[in-house]
Amino acid sequence: GNSVTQMEGPVTLSEEAFLTINCTYTATGYPSLFWYVQYPGEGLQLLLKATKADDKGSNKGFEATYRKETTSFHLEKGSVQVSDSAVYFCALSVPNQGGKLIFGQGTELSVKP
Amino acid sequence: EAQVTQNPRYLITVTGKKLTVTCSQNMNHEYMSWYRQDPGLGLRQIYYSMNVEVTDKGDVPEGYKVSRKEKRNFPLILESPSPNQTSLYFCASSSGQGINEQYFGPGTRLTVT
Chain A
64 GNSVTQMEGP VTLSEEAFLT INCTYTATGY PSLFWYVQYP GEGLQLLLKA
114 TKADDKGSNK GFEATYRKET TSFHLEKGSV QVSDSAVYFC ALSVPNQGGK
164 LIFGQGTELS VKP
Chain B
6 EAQVTQNPRY LITVTGKKLT VTCSQNMNHE YMSWYRQDPG LGLRQIYYSM
56 NVEVTDKGDV PEGYKVSRKE KRNFPLILES PSPNQTSLYF CASSSGQGIN
106 EQYFGPGTRL TVT
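Same order as they appear, the protein sequences are chains A and B. Just so you know, this note's numbering puts 133 at position 70 of the first sequence, and the rest follows in order with no gaps. Just so you know, this note's numbering puts 20 at position 15 of the second sequence, and the rest follows in order with no gaps.
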């Protein structure tokens, strides 16, 4: 079946450190891949997306590349800020399944000043 | 402002007492969905709707009902809530399938005692 696996959290970093959150997936067909972010007390917001192999999604200094050969979509940011503290979800959507998103378990990021 | 609204935001109830969580979107989206979020499990889809009067089960539909009588509204109904339905619930909408961004509501935290 279709599934998403993320690295476990929580992840604690100092401000300006480099961030990587690993995400791998299993899917039939050709999924679209997403990263969503959830700030404390809020709903999920789309952070970035990629719809085909080798696409790179980017937003707010975050980026992730759709790697079909390794079935991965790792999230990276070169220099994190305290305001990046949130829970990050990797997700996939498979065509012809009503747009359903399949989420990883989420990774909590805490950035300290 | 484009948004998905949910009510109530917080609800504490007792086992067996029927409740409804409302969801409304103002973006004229065709696709709407309900998810529940539980620690270590990410978000899991409960039900979805691809248009008015068209609904279908997601991955965890047991104990829930939905209806889609109007395009903008997609209420979630718990006819006889049980403690294992204590969770954080999110409604989402999008204009179509797959690569289209899903917009999430702010969440409803439900506790069933």
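Just so it is clear, CB atoms sit at the ideal spot from N, CA and C, and this is done for glycine as well. Please read these numbers as outputs of a predicted model, since none were measured by experiment.
Under the DSSP assignment, B:Ser92 falls in the beta strand (DSSP E) whose first and last residues are 92-99. Interface criterion met: the Cβ of A:Lys163 is under 7 Å from a Cβ in chain B.
A Cβ-Cβ distance of about 7 Å is found for the pair B:Tyr94 and B:Trp39, placing them in contact under the 8 Å criterion. For B:Arg49, the enclosing beta strand (DSSP E) has its first and last residue at 47-56.
Beta-bridge annotation (DSSP): B:Asp43 is paired with B:Gly47. Residue pairing by DSSP puts A:Asn122 in a beta bridge opposite A:Phe125. With a cutoff of 7 Å on beta-carbon distance, B:Thr20 and B:Ser87 are scored as near each other.
When Cβ-Cβ separations below 7 Å define contact, A:Phe81 makes no contact with chain B. By the criterion of a C-beta distance shorter than 7 Å, A:Tyr99 is surrounded in its chain by Leu107, Gln108, Leu109, Leu110, Phe152, Ala154, once the five residues flanking it on both sides are discounted. Per the DSSP secondary-structure output, A:Lys175 pairs in a beta bridge with A:Ser77. In this structure B:Arg14 touches B:Thr113 by the C-beta definition: roughly 6 Å separates them, less than 8 Å.
Contact annotation: in the region 111-125 of chain A, residues whose CB is within less than 8 Å of a CB in chain B are Lys112, Thr114. Note that the region 19-35 of chain B does not touch the region 114-123 of chain A; fewer than 3 beta-carbon pairs, one per stretch, sit closer than 8 Å. By the 16-neighbour rule on beta-carbons within 10 angstroms, B:Ala97 is buried. Using a Cβ-Cβ cut-off of 7 Å, A:Gly167 counts as an interface residue toward chain B, since at least one Cβ of chain B sits closer than that to its own. Taking CB atoms only, B:Tyr36 has a neighbour in chain A less than 7 Å away. Per the Cβ contact rule, the region 124-140 of chain A is not in contact with the region 58-75 of chain B (fewer than 3 Cβ pairs under 8 Å).
Following the DSSP letters along the chain, one finds A:Tyr151 inside the beta strand (DSSP E) bounded by residues 149-156.
Shortest Cα-Cα distance from A:Val74 to any of A:Arg130, A:Val157, A:Gly104, A:Ala149 involves A:Ala149. Residue-level contact by beta carbon holds for A:Gly106 and chain B, with a gap shorter than 7 Å. Per DSSP, the unbroken beta strand (DSSP E) holding B:Val59 starts and ends at 59-62.
For A:Leu109, at least one C-beta of chain B is nearer than 7 Å to its own C-beta. Taking a C-beta distance under 7 Å as the contact criterion, A:Val145 and A:Pro103 do not qualify as a contact pair.
Among the residues of the region 42-71 of chain B, those with a Cβ less than 7 Å away from any Cβ of chain A are Gly45, Leu46, Gly47, Leu48, Gln50, Tyr53, Met55, Asp61, Gly63, in the order of the chain.
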